[in-house]
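In UniProt numbering, the protein residues as written are 1 to 55.
Every residue gets a Cβ at the ideal spot worked out from N, C-alpha and C, and that includes glycine.
It should be emphasised that the depicted structure is a prediction, and the values quoted were computed from it without experimental measurement.
Heads up: the structure comes next, in structure tokens.
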């Protein structure tokens, strides 16, 4: 990526990153590519998407 995207917290950063990957893969015609690798029992944020990464 050649641009910066500023957010207020790590939760928002993780949330935005997941959404960007989803939109990017949908734009390339790969809507089923939605798997993420994250550490188990770790904290990724308090938003719904970020919290679901924690497992």
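Do you know offhand how far residue i's Cα is from residue j's?
i          : j          : result
residue 6  : residue 15 : 12 Å
residue 12 : residue 44 : 10 Å
residue 35 : residue 20 : 13 Å
residue 2  : residue 28 : 18 Å
residue 9  : residue 24 : 22 Å
residue 54 : residue 26 : 24 Å
residue 38 : residue 4  : 23 Å
Using 10 angstroms around the beta-carbon of residue i, count the other beta-carbons present and answer buried if the total reaches 16, otherwise exposed.
i          : result
residue 48 : exposed
residue 50 : buried
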